[in-house]
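Numbering (the UniProt record's numbering), first residue to last: 1 to 390. Glycine residues also receive a C-beta, built at the ideal position from the N, C-alpha and C atoms. Contents: one structure, followed by commentary.
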């Protein structure tokens, strides 16, 4: 073996472009082969350099967006939350309903940003360790977003209610939104920012993983990405469970079982609400009766709108239904109240699962609704259900 340098005059020009291109090779290796090897090495180095630059760009984006996010949380706390606490525009429970645990999240993210800043700004440490260990070791606080996300819809509803009922509070909000630091953002758009932060982490970590070579502790980055995804999935599951619980409680208060024995919708923890909508119950070959159904994972309730008398019901049958933009659950009585429903029948689905198939085209209602046919295998009852389209 001998240490040699490409010196052949034919390839000298190419060899000069590769500084210190020393190789361990056999004596009889042709200069052409050496140049090819040098070119391959140079290409590999350029590829790794581009990948490292991309990693740094992603890490810098992560750092910049984290700083911007901390500024938004700090804005919510200092411009809106603290002045409201010190004043008497709203009671404490209303303030808590609107802002939730924003202040706690702000304090946690300030510390998290400091860790990211120290790592990304240290070139050698970042090149060796990346940011996987930071996300894996210091993101348990993200579980606190469960409370914020579950409370978000209530927060917007409370904000709307307080704005309408208190002109002084509405003026305070407008004045705060007009401040330069708000950068033309209104309060609802600021409040939704924390809801979007964890999905943003997932996207950035996935991008960072794609540009991380195998020698840069990728296992830790993969574990960090999995942890953030698991937290995001947990938050989403808790939100769905919370929404289902609220929906079940709302229906429990609006369903009338008299004279039938009452069914406690919330008494079965595994019960989930699926849909509600209008149904045509086939009583004869050409005779259908319109009812309203509530479909759960283990139960189908067939009801009648208690707020409509017989004359209203006949008039409703003659009138062509208008296309609905939202689900039927948002329909209200002319008085403005949510309708109450009298339960006519309850079909348990535990032992008799339903089979759902599309209705023939002649049952379609101007293609604005999604028709279903439900079969009950034991009782041979047929319900032609027309649910609002998703």
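- If you ignore the 5 residues before and after residue 200, its C-beta comes within less than 8 Å of the C-beta of 65, all in its own chain and listed in chain order.
- Per the coordinates, the alpha-carbon of residue 71 lies some 11 Å from the alpha-carbon of residue 107.
- Exclusion of the five residues before and after residue 302 leaves 291, 293, 344, 345 as the residues of its chain whose Cβ lies within less than 6 Å of its Cβ.
- The C-beta of residue 68 has fewer than 16 other C-beta atoms within 10 Å across all chains shown, which makes the residue exposed.
- DSSP links residue 348 through a beta bridge to 299.
- One Cα belongs to residue 234, the other to residue 289, and the distance between them is close to 43 Å.
- Judged by pairs of C-beta atoms under 8 Å, the segment 191–199 touches the segment 145–158, as three or more such pairs exist.
- The three-state reading of DSSP puts residue 277 in strand, counting E and B together.
- If you draw a 10 Å sphere on the C-beta of residue 55, you find 16 or more other C-beta atoms in it, and that means buried.
- A straight-line Cα-Cα distance of about 32 Å links residue 114 and residue 87.
- Residue 221 is a Cβ neighbour of residue 130, given a cutoff of 8 Å.
- Nearest neighbour of residue 298 by Cα position, chosen from 249, 269, 119, 229, turns out to be 269.
- Of the candidates 109, 141, 95, the residue whose Cα lies closest to the Cα of residue 163 is 95.
- Annotation for residue 76: 99, 102, 106, 190, 191 place their beta carbon closer than 8 Å to its own, counting only its chain and skipping 5 residues before and after.
- If only uninterrupted alpha helix (DSSP H) runs of at least 4 residues are considered, those enclosed by the segment 97–153 are 102–120, 123–129, 132–137.
- Residue pairing by DSSP puts residue 256 in a beta bridge opposite 342.
- Closest in C-alpha terms to residue 240, from the list 207, 135, 152, comes 152.
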